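Worksheet: one structure, shown below.
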Amino acid sequence: MSTFEDVDEPTKSTQLEDAAVLAALGRKDQLERNWGFWQILGFAVTNLCSWEFAVPLLSSAFLNGGPVALVYGFLSTFFGILAINCSLAEMASMYPVAGGQYYWTYYFAPPKIRVFLSYLQGWFTSCAWQVGFVSTTLFITEQISGLIVLNYPSYVPKGWHLFLWMVFFSLFNLVVHTYGKRILPMLQAASGVAHILFFLIIVIVLLALSKKAPSSFVWTKFENNGGWPNNGISFCIGLLLPAFSISGADGCVHMAEEVRNANWNIPRVFVYTLLINGTMAFVIVVVCLYSITDLKQVLDSRTGFPIIQIFYNATQSYAGTTILDLMMVSIQITCSLCLCAASSRLAWSFSRENGFPGSAWLRKVHPKFKVPLNAIIASLTFAIALSTIVIGSTVAIDAVVSLCTVAAFASYTLPIASFLWYRLTHTDIRYGPWRMGWYGPLVNGFALCWCIFFVVILPFPPELPVTPVNMNWSGPIFLGITLLLSGDWLLRARHIYRGPVIEIDGVLAEDTAPATEIHVHADADSKK
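Number 651 in the numbering used here belongs to position 393 of the sequence shown; there are no gaps in the numbering.
Following this line, the structure appears as structure tokens:
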């Protein structure tokens, strides 16, 4: 029997309330739905924060690929990630739950391995979002340090300076997510507007004031400074920046149980977010490339960020440069709010399935604030603990944060592969209101190829010969995590984790069967 036979087909909220959709999936509404379409769209575009992360990281692309990898890499990566987002959007329309990928993997994967794959998936997704928050706070603090260096040349950033800034932003997130729950949707909607407005301001300033590089530099200049014998490999490694900049739209689905009309709004946000952010990131990268007339000066900037030097070259003003860069930093700060929200909701959701140690504490919703406060505290505590690494070694912290993108694409691979398998082996699938139709399997297959490509290529070291300093540790770390989780599954987790379970009055039912089995039983009873 299909796992979909006993779940009512989701429709728009004008026909079926969000609570009824969750009830059909064995869930009970526990969080307030304060997010409408425009608020969650603002959340998603700010969470993706594409152009704000792309331009400060321009220097990484000049090691492998250069302008060619940036321009054509963005175009090719855009279509790959669009296929990924469409695949995830279709699943989100069917199952609009905060768990997202681990939930979908369970329902679509082959029965014999679905529980194990769902367990791995829950950890992969959590890892990507938890590390993503740490990498964002680190990135913000490094940019602030760069601005201080610009304005006060005698300042020398220290690891403990960065750590204190990271602690500050973690505590800032705790306060906002605890006491600012009702204003957060409007704040994110405003951030979405600022995200576009600041983009326009920076593009206009650079086009109007900067000296221009020749078009041959922007569209045909290829750099292979990583020592790779093959330019094709160098180009592929150079795709890290485009992949990092425009991936991560699944943040919206982890907020699904706080979004009105989630099975219709979340899928649309998946697609619109990439269309908006991908276009903006591509345009501003091209504009920045045209603004580079002295590549060595830009790459050797004492601030550590080429974009700060590009701003200064255009404005010839420390104040103007600071204002332009703070525009990006302000959106990055709101991005950290999005990451904290998504990572804590995911931790809360996975704990409802006993996916984490201490799940009974993590899955509690605060009775006054109506937010998963314990999960928020746990997420931020983990972030602060991980941030301590920056005190001793920037190489070590870079090794940890490099895991973010690899874990993210791994978290897309399993549900898309499972969904494609299910589509090809079942004919009685009940889709949500957002679906791709007959070309869905083609899009899924294309998306899966890109996921596998990224998981394989992203852990490659950026240059040869490999040393402990330039080594890309994301691959070994990710492999180590996978092996540890597999061992934990054999020794402990397989006795506890059983996949998505139903909830009774907001409390996890003890010794319940997985949600699909409950749906089958409920449907059978209704036919008696």
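For every residue, glycine included, the Cβ atom is placed at its ideal position computed from N, Cα and C.
Computed from a predicted model, the values in this text were never measured in an experiment.
DSSP three-state call for residue i: helix, strand or coil?
i, result
"Trp-486", "coil"
"Val-759", "strand"
"Trp-692", "coil"
"Val-727", "coil"
"Val-517", "strand"
"Ser-588", "helix"
"Ala-278", "helix"
"Tyr-680", "helix"
"Gly-496", "coil"
"Tyr-353", "coil"
"Ile-371", "coil"
"Ser-503", "helix"
"Ala-471", "coil"
"Asp-508", "helix"
"Asp-686", "coil"
"Thr-646", "coil"
"Glu-721", "coil"
"Ile-491", "helix"
"Cys-307", "coil"
"Ser-660", "coil"
"Ile-462", "helix"
"Ser-575", "coil"
Could you please give me the residues that DSSP links to residue i through a beta bridge?
i, result
"Trp-606", "Answer is none; Trp-606 lacks a bridge partner."
"Glu-481", "Gly-323"
"Tyr-362", "The question names Tyr, but residue 362 in the sequence shown is Trp. None, per the DSSP bridge assignment."
"Trp-293", "Val-517"
Within 10 Å of its beta-carbon, does residue i have 16 or more other beta-carbons around it, so buried, or fewer, so exposed?
i, result
"Ser-350", "The sequence shown places Ala at residue 350, not Ser. Looking at its Cβ environment, which holds 16 or more other Cβ atoms inside 10 Å, Ala-350 is buried."
"His-249", "With the chain covering 259 to 786 only, the question about residue 249 has no answer from this structure."
"Gly-621", "Checking the displayed sequence, the identity of residue 621 turns out to be Arg instead of Gly. It is buried - the Cβ of Arg-621 has at least 16 other Cβ atoms within 10 Å."
"Arg-526", "buried"
"Thr-725", "exposed"
"Val-765", "A caution first: Val-765 carries a pLDDT of 48, below 50, which makes its placement in the model unreliable, though a value can still be read off. That one is exposed."
"Asp-558", "exposed"
"Ser-676", "buried"
"Ile-339", "buried"
"Tyr-755", "buried"
"Val-414", "exposed"
"Tyr-697", "exposed"
"Leu-396", "buried"
"Thr-561", "buried"
"His-684", "exposed"
"Ser-601", "buried"
"Arg-603", "buried"
"Val-329", "buried"
"His-624", "exposed"
"Ile-566", "buried"
"Thr-639", "exposed"
"Tyr-360", "buried"
"Gly-738", "exposed"
Answer yes or no: do residue i and residue j have a C-beta to C-beta separation smaller than 8 Å?
i, j, result
"Ser-732", "Val-664", "yes"
"Gly-484", "Leu-315", "no"
"Cys-662", "Ser-403", "no"
"Leu-306", "Thr-531", "yes"
"Thr-592", "Thr-304", "yes"
"Ser-594", "Phe-391", "yes"
"Tyr-548", "Lys-470", "yes"
"Glu-515", "Ala-356", "yes"
"Gly-745", "Tyr-364", "no"
"Ala-641", "Ser-428", "yes"
"Ala-822", "Gly-490", "Lying outside 259 to 786, the shown extent of the chain, residue 822 is not represented and no answer is given."
"Phe-301", "Ile-504", "no"
"Gln-388", "Pro-673", "no"
"Val-701", "Ala-367", "no"
"Pro-500", "Phe-332", "yes"
"Ala-572", "Val-407", "no"
"Thr-399", "Trp-418", "no"
"Asn-523", "Pro-691", "no"
"Gly-506", "Ala-666", "yes"
Let me see if you follow: with CB-CB separation under 8 Å, is residue i close to chain D or not?
i, result
"Lys-470", "Of the protein chains in the structure, only one exists, and it is not chain D."
Completely contained alpha helix (DSSP H) runs for the segment 375–457, where each covers 4 or more residues: Within the segment 375–457, the complete alpha helix (DSSP H) runs of at least 4 residues fall at 417–437.
4-residue-minimum alpha helix (DSSP H) runs that sit fully inside the segment 528–569, ordered along the chain: Qualifying alpha helix (DSSP H) stretches, in chain order: 553–557.
Within the segment 609–642, ranges of the beta strand (DSSP E) (whole runs, at least 3 residues): DSSP runs (the beta strand (DSSP E)) wholly in the segment 609–642: none.
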